[in-house]
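Visitor:
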Amino acid sequence: MTPRIFCVANQKGGVGKTTTTVNLAAGLAQIGRRVLVVDLDPQGNATMGSGIDKRALALTVYDVLLESASIAEARQRSPQGGYDVLGANRELAGAEVELVELERRERRLRSALEAVRADYDIVLVDCPPSLSLLTLNGLCAAHGVVVPMQCEYFALEGLSDLVNTIKQVHANLNPELKIIGLLRVMFDPRITLQQQVSEQLKAHFGDKVFDTVIPRNVRLAEAPSYGQPGVTFDPQSKGAQAFVAFAREMVGRLA
Ligand code: ADP
Ligand code: MG
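Per this note's numbering, the very first residue in the sequence shown carries number 181; after that it's consecutive.
Written out as structure tokens, the structure is:
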């Protein structure tokens with residue numbers, strides 16, 4: 181068995197990538213999947229939000245990208261989340277510059293994942309808010325991209341850059357890559373504009389839009405400060421339940 185590898189990507193910041201990554205991971209773990217989260221953002225939010233202190237890490241994804249450590253050496257267990265994490269911290273910001281000089285610079289993550297392929301069913305890569313060499317490492321390694329988006333007026337604008345990048349990676353580096361789906365997040369059904377944009381998305385992208393909708397829910401926003409995903413922090417909350425439903429939808433789509 182080889183794991184399915186997914187990037188959670190959107191070059192905008194604050195759209196819900198990290199929240200999606202850690203909660204989808206926890207939801208998948210809850211339904212029995214073996215999951216690895218790769219934090220590819222120097223901000224290290226997925227690391228912290230999984231209950232791992234980024235400042236205390238001896239080895240991170242940075243060491244893996246520079247091939248001075250393996251994933252098996254660098255991974256940590258999320259204490260509450262039920263999944264493994266290849267963590268990141270500020271050190272990763274330097275990788276961008278250091279990698280440029282190196283061979284196979286966009287394939288480092290892909291190669292490193294080979295060695296742990298027997299350990300996981302699903303790998304989720306939390307991408308930084310840019311279409312950088314780090315994101316490129318994620319896209320090169322992945323089978324698919326999950327795009328979280330808020331149903332706001334400018335949501336579709338940023339999407340075309342991401343779609344073009346995915347097309348280029350598909351054509352030049354990774355023929356397996358495709359968009360798995362668009363996930364509507366932080367959704368507030370009382371806001372008419374959000375309903376309208378949501379309908380536009382469905383009209384435009386059809387079944388590329390996931391059925392599950394993630395509501396705006398304060399428990400999801402509070403959970404990171406307790407070092408765990410919302411799914412485990414408050415399982416009864418609307419946000420947690422939506423992410424478990426999303427995990428089931430993802431697994432259903434893979435079948
Ligand atoms: P990104 O990784 O794309 O920068 P985050 O996942 O960090 O985005 O989300 C940005 C902010 O929005 C965070 O403060 C997060 O807690 C909050 N947030 C994300 N999703 C939700 C949601 N469904 N309901 C409420 N707050 C959310
Ligand atoms: Mg993030």
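Yeah, the Cβ is synthetic: ideal placement off N, Cα and C, and Gly gets one too.
#1: Note down, in chain order, each residue of its chain lying with its Cβ closer than 6 angstroms to the Cβ of D301, except the 5 sequence neighbours on either side.
#2: May I ask whether a heavy atom of the ligand ADP can be found less than 7 angstroms away from the beta carbon of L246?
#3: Taking only heavy atoms of the ligand MG into account, decide whether any of them is closer than 7 angstroms to the Cβ of K234.
#4: Write down every uninterrupted run of the beta strand (DSSP E) in the stretch 309 to 335 whose length is 3 residues or greater and which is fully enclosed by it, in chain order.
#5: What's the C-alpha gap between A252 and D264?
#6: Just the Cα atoms here: how many angstroms apart are G194 and F367?
#7: Quick check on the DSSP output: the beta strand (DSSP E) that includes G432 runs from which residue to which?
#8: At a threshold of 7 angstroms, does K418 count as lining the ligand ADP (C-beta to nearest heavy atom)?
#9: In the structure shown, what three-state DSSP assignment does R364 receive?
#10: Where do the N-terminal and C-terminal ends of the beta strand (DSSP E) with L279 fall, by residue?
#11: Between the Cα of L314 and those of L336, V277, G324, F390, spot the shortest distance and give me the residue it belongs to.
#12: Quick check: does the Cβ of T240 come within less than 7 angstroms of any heavy atom belonging to the ligand MG?
#13: From D414 to V202, what distance separates their C-alpha atoms?
#14: Since P395 sits in a beta bridge, which residues does DSSP pair it with?
#15: With DSSP run on the structure shown, which of helix, strand or coil describes R284?
#16: Count the other C-beta atoms from every protein chain shown that fall within 10 angstroms of the C-beta of K347, then say buried if there are 16 or more, exposed otherwise.
#17: Can you list, in chain order, the residues of its chain whose CB lies under 7 angstroms from that of E286, leaving out five sequence neighbours each side?
#18: Check whether the Cβ of Q191 sits closer than 7 angstroms to any heavy atom of the ligand MG, and report yes or no.
#19: At 3 residues or longer, what runs of the beta strand (DSSP E) sit wholly inside the stretch 202 to 226?
#20: Could you check whether V326 and T200 sit closer than 8 angstroms to each other, using their CB atoms as the reference points?
#21: Report, in whole angstroms, the separation of the C-beta atoms of L272 and A254, which I expect to be a contact under 8 angstroms.
#22: Quick check: what's the CA-CA separation for A249 versus R370?
#23: Cβ of Q330 versus every heavy atom of the ligand MG: is any distance shorter than 7 angstroms?
#24: Three Cβ pairs or more, each shorter than 8 angstroms: is that satisfied between the stretch 376 to 396 and the stretch 224 to 235?
#25: Does any heavy atom of the ligand ADP sit closer than 7 angstroms to the C-beta of R396?
Guide: The structure says:
#1: Within the sequence shown, residue 301 is the residue found at index 121, counting from 1. P183, R213, R214, listed in sequence order.
#2: Locating residue 246 in the sequence shown gives position 66, where the first residue counts as 1. It does not: the Cβ of L246 is nowhere closer than 7 angstroms to a heavy atom of the ligand ADP.
#3: Numbered from its first residue, the sequence shown carries residue 234 at position 54. Flag unset: Cβ of K234 not near the ligand MG.
#4: 324 to 330
#5: Walking along the sequence shown from the start, residue 252 turns up at place 72. Walking along the sequence shown from the start, residue 264 turns up at place 84. Spanning the two alpha carbons is a distance of roughly 10 angstroms.
#6: If you number the sequence shown from 1, residue 194 lands on position 14. If you number the sequence shown from 1, residue 367 lands on position 187. Approximately 14 angstroms, taken between the alpha carbons.
#7: Translated into positions along the sequence shown, residue 432 becomes position 252. Here G432 belongs to no beta strand (DSSP E); instead the alpha helix (DSSP H) covers 418 to 434.
#8: Numbered from 1 along the sequence shown, position 238 holds the residue referred to as residue 418. It does not: the Cβ of K418 is nowhere closer than 7 angstroms to a heavy atom of the ligand ADP.
#9: In the sequence shown, the residue the question calls residue 364 occupies position 184. R364: strand per DSSP, three-state reduction.
#10: What you label residue 279 is simply residue 99 of the sequence shown in a count that begins at 1. Looking at the DSSP string, L279 is not in any beta strand (DSSP E); the run it does join, the alpha helix (DSSP H), is 272 to 280.
#11: Here residue 314 corresponds to residue number 134 of the sequence shown, with the count starting at 1. For the residues L336, V277, G324, F390, the minimum Cα distance to L314 belongs to V277.
#12: The residue you call residue 240 lines up with position 60 of the sequence shown. Not under cutoff, so the answer is no.
#13: Counting from one through the sequence shown, the residue named residue 414 turns up at place 234. Counting from one through the sequence shown, the residue named residue 202 turns up at place 22. Computed Cα separation, rounded: 14 angstroms.
#14: Position 215 of the sequence shown, counted from the start, is the residue given in the question as residue 395. In DSSP, P395 forms a bridge with F367.
#15: Taking the sequence shown and counting its residues from 1, the one referred to as residue 284 is at position 104. Coil at R284, not helix or strand.
#16: Taking the sequence shown and counting its residues from 1, the one referred to as residue 347 is at position 167. Exposed is the call here.
#17: Residue mapping note: residue 286 aligns to position 106 of the sequence shown, counting from 1. Result list for E286: L313, L316, N317, C320, L353, in chain order.
#18: As a first step, residue 191 must be located in the sequence shown, where it is residue number 11. Every heavy atom of the ligand MG is 7 angstroms or more from the Cβ of Q191, so no.
#19: 215 to 219
#20: Working through the sequence shown from its first residue, we reach residue 200 at position 20. Working through the sequence shown from its first residue, we reach residue 326 at position 146. In contact: T200 and V326 (Cβ atoms closer than 8 angstroms).
#21: For the purposes of this step, residue 272 is taken as residue 92 along the sequence shown, with counting starting at 1. For the purposes of this step, residue 254 is taken as residue 74 along the sequence shown, with counting starting at 1. Actually they are not in contact, since the Cβ atoms of L272 and A254 sit about 12 angstroms apart, beyond 8 angstroms.
#22: Sequence index remark: in the sequence shown, residue 249 carries index 69 (1-based). Sequence index remark: in the sequence shown, residue 370 carries index 190 (1-based). Roughly 49 angstroms between the two C-alpha positions.
#23: In the sequence shown, residue 330 corresponds to position 150, counting from 1. Q330: no, Cβ never under 7 angstroms from the ligand MG.
#24: no
#25: Here residue 396 refers to the residue found at position 216 of the sequence shown. Yes, since a heavy atom of the ligand ADP falls inside the 7 angstroms radius drawn around the Cβ of R396.
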